[in-house]
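What follows is one structure encoded as structure tokens, with my remarks underneath.
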Amino acid sequence: MSHYKRYPAYKDSGLEWIGDVPQHREIKRLRHVGSFTNSNVDKKSYEDQKAVRLCNYTDVYYNEFVTAELSFMQATASRGEIEAFSLKKGDVLITKDSEDPADIGIPALVAEELPGVVCGYHLTIIRTSDADTSRFLHRVIQSQPTKAHFFVEAPGITRYGLGQDAIGNLPVCLPPREHRSILADWIDRETGRLDALIAKKTRFIELLKEKRQALITRAVTKGLDPSVKMKESGVEWIGEVPAHWETFSAKRLFTERDERSNTGAEELLTVSHLTGVTPRSEKNVNMFEAESKVGYKLCHAGDIVINTLWAWMGAMGAAWQPGIVSPSYHVYKPGARVDSAFIDLIVRLPIFAKEVNRYSKGIWSSRLRLYPESFFEIRFAIPSRKEQEAIVEWVRARTQRLTLLEEKTKRSIELLKERRAALITAAVTGQIDLREDAA
7 MSHYKRYPAY KDSGLEWIGD VPQHREIKRL RHVGSFTNSN VDKKSYEDQK
57 AVRLCNYTDV YYNEFVTAEL SFMQATASRG EIEAFSLKKG DVLITKDSED
107 PADIGIPALV AEELPGVVCG YHLTIIRTSD ADTSRFLHRV IQSQPTKAHF
157 FVEAPGITRY GLGQDAIGNL PVCLPPREHR SILADWIDRE TGRLDALIAK
207 KTRFIELLKE KRQALITRAV TKGLDPSVKM KESGVEWIGE VPAHWETFSA
257 KRLFTERDER SNTGAEELLT VSHLTGVTPR SEKNVNMFEA ESKVGYKLCH
307 AGDIVINTLW AWMGAMGAAW QPGIVSPSYH VYKPGARVDS AFIDLIVRLP
357 IFAKEVNRYS KGIWSSRLRL YPESFFEIRF AIPSRKEQEA IVEWVRARTQ
407 RLTLLEEKTK RSIELLKERR AALITAAVTG QIDLREDAA
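Everything in the sequence shown is counted per our numbering, starting at 7 for the first residue and increasing by one.
Given below as structure tokens:
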């Protein structure tokens with residue numbers, strides 16, 4: 007941002023997180039900029055109340071602007087709640103509590119009139135006297151100093167929340183009224199430009215993933231030789247396969263392994279549809295773990311592990327190291343006919359997950375389970391071990407470039423998001439003079 011000019015004169019804001027601010031700006035607390043009210047309208051419907059559309063936590067958390075295009079849930083509210091919490095154009099909504107402190111104080115601006123839409127529970131409505139002040143305040147709440155303020159002012163252990171003082175005492179570096187629309191317009195324009203670039207790069211990543219899946223699907227179901235004679239596999243999800251391939255049920259390819267740990271000290275492995283089988287230590291997420299892992303299932307390197315609870319989503323794959331897995335998982339030892347890496351490519355395909363759904367038992371997706379007797383009925387088309395290994399190496403070579411390109415694109419998206427956040431912070435705290443640039 008070195009190409010942007012600074013204001014002619016600055017003064018000490020008296021706040022460490024903000025630092026020096028332009029001489030003509032005022033530092034005001036949010037309570038002196040607008041009013042704020044916590045909603046108490048829950049998602050339940052009551053017969054003696056009026057039907058409304060409810061703007062809830064996720065509508066704010068996942069959207070920078072609240073518009074009529076959102077699919078608001080149906081609920082009810084009392085007459086008093088409707089009067090107090092009906093949304094108006096220019097309202098700024100923020101998330102006021104969460105299990106993660108990083109999810110607190112996420113703002114969304116009500117960008118248009120929304121008749122019949124009421125603000126839901128776990129949200130705070132902030133209302134100012136004019137649209138330009140609201141637009142500017144929306145961006146202030148997105149800035150890094152505000153995030154730091156809310157982080158410090160939202161104590162908790164398992165759940166974190168913003169009290170009235172934390173919200174009301176939020177410092178706002180307020181420019182003169184005539185400058186607020188200029189700054190808001192500039193931020194809208196610059197963030198819009200960056201958002202368009204992010205969207206293009208995100209779509210590019212999706213295309214890379216689609217290309218990777220198509221490449222793997224063809225390799226593991228059709229082989230590498232496009233001129234080879236084909237035959238019907240007799241299996242719907244596979245279709246035609248090379249004539250020399252053989253079709254087997256899983257029962258002829260795998261045996262269930264049900265060995266248990268006596269100590270629970272082995273490396274804990276987890277299984278997801280995104281990463282396959284990985285060590286728990288590599289996952290940067292909070293996950294429940296039992297105090298004792300004695301009795302957990304042992305898993306050998308090369309075993310196929312299926313997360314029974316999420317098999318319908320594709321949570322399965324080959325283990326690349328020994329360890330232990332949850333007793334609710336199922337572990338299968340591959341036989342001599344199959345290469346674990348080849349099977350890993352197959353079972354992590356979306357089309358295989360659909361096949362798993364056919365053999366899973368349960369009522370709804372969240373209750374479907376793939377039990378061993380059902381897994382053993384699933385059919386695979388298998389070439390020789392030598393050809394399996396050749397396919398695996400071919401896929402690795404072809405997907406390596408796609409993976410590197412995806413990682414590079416993800417990094418560029420992160421940099422764009424960092425620049426976006428930095429521009430917002432610089433604009434709302436007066437670190438750059440945008441009066442000429444926005445004119």
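Backbone N, C-alpha and C define an ideal beta-carbon position, used for all residues, glycine too.
Note that the structure is a prediction, hence the values are computed from the model and not measured.
Where does the unbroken beta strand (DSSP E) through residue i begin, and where does it stop?
{"i": "L60", "result": "56–61"}
{"i": "V178", "result": "177–180"}
{"i": "V241", "result": "Counting along the chain, V241 falls outside any beta strand (DSSP E), and DSSP gives it neither H nor E."}
{"i": "A114", "result": "113–116"}
{"i": "A324", "result": "322–324"}
{"i": "R133", "result": "129–133"}
{"i": "G282", "result": "282–285"}
{"i": "A347", "result": "No beta strand (DSSP E) contains A347, which is instead part of the alpha helix (DSSP H) from 346–353."}
{"i": "A387", "result": "385–388"}
{"i": "H336", "result": "336–340"}
{"i": "V277", "result": "275–278"}
Compute the beta-carbon to beta-carbon distance between residue i and residue j, rounded to the nearest angstrom, for a pair I have assumed lies under 8 Å.
{"i": "S149", "j": "I438", "result": "The Cβ separation is near 13 Å, so there is no contact."}
{"i": "W326", "j": "A307", "result": "6 Å"}
{"i": "R385", "j": "T253", "result": "6 Å"}
{"i": "V337", "j": "V344", "result": "At roughly 15 Å, the Cβ-Cβ gap does not stay under 8 Å, so V337 and V344 are not in contact."}
{"i": "L422", "j": "L203", "result": "6 Å"}
{"i": "V39", "j": "T139", "result": "7 Å"}
{"i": "S45", "j": "Y127", "result": "6 Å"}
{"i": "S267", "j": "V300", "result": "6 Å"}
{"i": "W251", "j": "P389", "result": "5 Å"}
{"i": "A225", "j": "I397", "result": "5 Å"}
{"i": "P328", "j": "K303", "result": "No, P328 and K303 are not in contact; Cβ-Cβ is about 12 Å, not under 8 Å."}
{"i": "L275", "j": "T284", "result": "7 Å"}
{"i": "E262", "j": "P378", "result": "5 Å"}
{"i": "A324", "j": "S346", "result": "4 Å"}
Which residues in the same chain as residue i place their Cβ atom closer than 6 Å to its Cβ, once the five residues preceding and following it in sequence are excluded?
{"i": "V27", "result": "S19, C179, G436"}
{"i": "A451", "result": "Past the edges of the chain, shown from 7 to 445, lies residue 451, and the structure says nothing about it."}
{"i": "Y10", "result": "I438"}
{"i": "G368", "result": "L374, R375"}
{"i": "Y68", "result": "none"}
{"i": "E105", "result": "R165"}
{"i": "S51", "result": "A81, T82"}
{"i": "S187", "result": "D138"}
{"i": "A15", "result": "Q29"}
With distances taken between CB atoms, is the gap from residue i to residue j smaller than 8 Å?
{"i": "I132", "j": "C125", "result": "no"}
{"i": "I33", "j": "P177", "result": "yes"}
{"i": "V311", "j": "M322", "result": "yes"}
{"i": "I88", "j": "I147", "result": "no"}
{"i": "P356", "j": "I349", "result": "no"}
{"i": "R145", "j": "V362", "result": "no"}
{"i": "K102", "j": "A83", "result": "no"}
{"i": "L257", "j": "F156", "result": "A quick correction: the sequence has Lys, not Leu, at residue 257. For K257 and F156, no; Cβs fall outside 8 Å."}
{"i": "R425", "j": "L200", "result": "yes"}
{"i": "F91", "j": "I173", "result": "no"}
{"i": "K217", "j": "L408", "result": "yes"}
{"i": "L3", "j": "I222", "result": "Outside the displayed range of the chain (7 to 445) lies residue 3, so it cannot be described from this structure."}
{"i": "V66", "j": "L129", "result": "yes"}
{"i": "A387", "j": "V241", "result": "yes"}
{"i": "I110", "j": "L36", "result": "no"}
Can you name the start and end residues of the alpha helix (DSSP H) that residue i belongs to?
{"i": "V362", "result": "356–365"}
{"i": "F78", "result": "F78 -> no alpha helix (DSSP H), and no H or E assigned at all."}
{"i": "P151", "result": "150–158"}
{"i": "K217", "result": "183–228"}
{"i": "I419", "result": "391–435"}
{"i": "F381", "result": "378–381"}
{"i": "A90", "result": "85–91"}
{"i": "G174", "result": "170–174"}
{"i": "L259", "result": "256–259"}
Spatial neighbours of residue i within its chain, please: C-beta separation below 7 Å, excluding the five flanking residues on both sides.
{"i": "S298", "result": "G270"}
{"i": "E442", "result": "none"}
{"i": "V291", "result": "Reliability of the predicted coordinates at V291 is poor, the pLDDT of 48 falling under 50, and the value obtained from them is presented with this limitation in mind. Correct list: empty, nothing qualifies."}
{"i": "G25", "result": "S19"}
{"i": "K17", "result": "D26, V27, Q29"}
{"i": "E184", "result": "none"}
Go through its chain and collect everything with a Cβ distance to residue i's Cβ below 8 Å, but skip five positions before and after it.
{"i": "K49", "result": "L60, N62, M79, A81, G126, Y127"}
{"i": "P248", "result": "K228, G229, D231, V234, K235, M236, K237, P389"}
{"i": "L315", "result": "A321, S334, R375"}
{"i": "T197", "result": "R426, L429, I430"}
Please indicate yes or no: does the CB of residue i lie closer than 7 Å to some heavy atom of the ligand ATP?
{"i": "S390", "result": "For the structure depicted, the ligand ATP is absent and the ligand set is empty, with no information on it obtainable."}
Quiz item: So does the segment 72–79 actually touch the segment 109–118, counting three or more Cβ pairs closer than 8 Å?
Solution: yes
Quiz item: Are the segment 412–426 and the segment 205–212 touching, with three or more C-beta to C-beta distances below 8 Å?
Solution: yes
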